[in-house]
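Since the structure comes first, as structure tokens, the remarks are kept for the end.
In the UniProt record's numbering, the protein residues as written are 1 to 370.
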């Protein structure tokens, strides 16, 4: 019997052959990171210093893209980038500078609920005059806007539930069991075709978008990058486990009503069944998850570690804070009749995207939390 020796494909020796390409830099910080990753690990000793990081907008394109690229090394990486960059000491030290700047801005800018229970209770009541992104899309959104929304949300939804899984080894007892139960649903209940990231890829294809992982990174603006980065930030730091649980709870509690509106928006513009199904799936599933997360995950965590109450409240608050920033960006652009993306779909801007979507037929969209 002859043993079979398996080796990596040549393209994978220095990094994943099928991963997304490195994005173009948007300033000193992100350009330095992408330039470093084009080389070999251990060669990043000339990254920008703390003064350069302090002078950057903590929620701006440059810092957020630099942080996103650093975090992506813990997920699927980039085509041609050596996988050993993930734990490169110099790159990690630089990432820490970025994280501290971002986290300080979040603590200064997000609301400060009295406690976790108050923060969660506030999510259960929607203002009568609510006018967020999902409301606007449900009432009057056009297909080109839904396509843009999906392209942006793809940065998270194509790895949906992955960032929150970081908290599982940091929980115990009922909190861990309940968290795993919810994540099991997010990952399709053992069926690959029902994994939520796969359902979102189907949505994108239905809307005529490219469902490739990371395809729209270059097009995504800073508010969307920040929404994804905060999950990685909270997930990769055990000290922030309470905040990650708060983030997860906020997502699950607000998902069901928002998903119902987005499903209605897609039906109204004539999107296909795969696009509608993604949101319809979340209407029912997340309504159940809401109760499990609050009672069993948050409840048991705080029974065991009551000192994390403030962190859970912070996680809830920062979720809403960043969603509001993203919503303001989207609505400001759309009300002005322009694309919300850095690189408009179809290469023609909002007007061209609108025309292309109408002539090409409906295909897929993105689940959101607005």
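Every residue, glycine too, gets a C-beta built ideally from N, C-alpha and C. The structure presented is a predicted model; accordingly, all values stated were derived computationally and were not measured.
Assign residue 124 to one of two classes, buried (16 or more other C-beta atoms within 10 Å of its C-beta) or exposed (fewer than that).
-> The residue you call residue 124 lines up with position 124 of the chain shown. It counts as exposed.
Compute the Euclidean distance between the alpha carbons of residue 177 and residue 248, then round it to the nearest angstrom.
-> Your numbering for residue 177 matches position 177 in the chain shown. Your numbering for residue 248 matches position 248 in the chain shown. Using only the alpha carbons, I get a separation of about 15 Å.
First and last residue of the uninterrupted alpha helix (DSSP H) at residue 45 = In the chain shown, the residue the question calls residue 45 occupies position 45. From DSSP, residue 45 is part of no alpha helix (DSSP H); its letter is neither H nor E.
Tell me whether residue 169 is buried or exposed, calling it buried when 16 or more other Cβ atoms sit within 10 Å of its Cβ.
-> For the purposes of this step, residue 169 is taken as the residue at position 169 of the chain shown. When all chains shown are included, residue 169 counts as exposed.
Indicate whether residue 200 and residue 157 have their beta-carbon atoms separated by less than 7 Å.
-> Taking the first residue of the chain shown as position 1, residue 200 is located at position 200. Taking the first residue of the chain shown as position 1, residue 157 is located at position 157. Contact: yes.
Okay, do the segment 54–70 and the segment 114–123 touch, 3+ Cβ pairs below 8 Å being the bar?
-> no
Per-residue burial, residue 121 [other beta carbons within 10 Å of its own, 16 or more giving buried] = Along the chain shown, read from residue 1 onward, the residue named residue 121 stands at position 121. Label assigned to residue 121: exposed.
Mind checking whether residue 209 and residue 150 have CB atoms under 7 Å apart?
-> Counting from 1 along the chain shown, the entry for residue 209 is found at position 209. Counting from 1 along the chain shown, the entry for residue 150 is found at position 150. Their beta carbons are under 7 Å apart, which means residue 209 touches residue 150 by this criterion.
Using only alpha-carbon positions, find the residue among 60, 59, 79 and 140 that is nearest to residue 34.
-> Counted from its first residue, the chain shown places residue 34 at position 34. When only C-alpha atoms are compared, the closest one is 79.
Which residues in the same chain as residue 219 place their Cβ atom closer than 7 Å to its Cβ, once the five residues preceding and following it in sequence are excluded?
-> Locating residue 219 in the chain shown gives position 219, where the first residue counts as 1. Cβ within range, chain order: 151, 341, 342 and 343.
Kindly confirm or deny that the segment 44–59 and the segment 97–109 touch, where touching means at least three C-beta pairs closer than 8 Å.
-> yes
Taking just the CA atoms, how far does residue 54 sit from residue 27?
-> The residue given as residue 27 occupies position 27 in the chain shown. The residue given as residue 54 occupies position 54 in the chain shown. Whole-angstrom Cα-Cα distance: 14 Å.
Segment contact flag, the segment 308–319 with the segment 127–137, C-beta cutoff 8 Å, min 3 pairs = no
What three-state label does DSSP hand residue 257 in the structure shown?
-> As a working note, residue 257 is residue 257 in the chain shown. In the structure shown, residue 257 sits in a helix (DSSP, three-state: H, G or I).
7 Å Cβ cutoff met for residue 287 and residue 256 = By one-based count along the chain shown, residue 287 stands at place 287. By one-based count along the chain shown, residue 256 stands at place 256. Taking 7 Å as the Cβ cut-off, residue 287 and residue 256 qualify as a contacting pair.
Under 7 Å between the Cβ atoms of residue 73 and residue 29?
-> The sequence position of residue 73 within the chain shown is 73, counting from 1. The sequence position of residue 29 within the chain shown is 29, counting from 1. Taking 7 Å as the Cβ cut-off, residue 73 and residue 29 do not qualify as a contacting pair.
Count the other CB atoms within 10 Å of the CB of residue 145; is the residue buried (16 or more) or exposed (fewer)?
-> As a first step, residue 145 must be located in the chain shown, where it is residue number 145. Classification for residue 145: buried.
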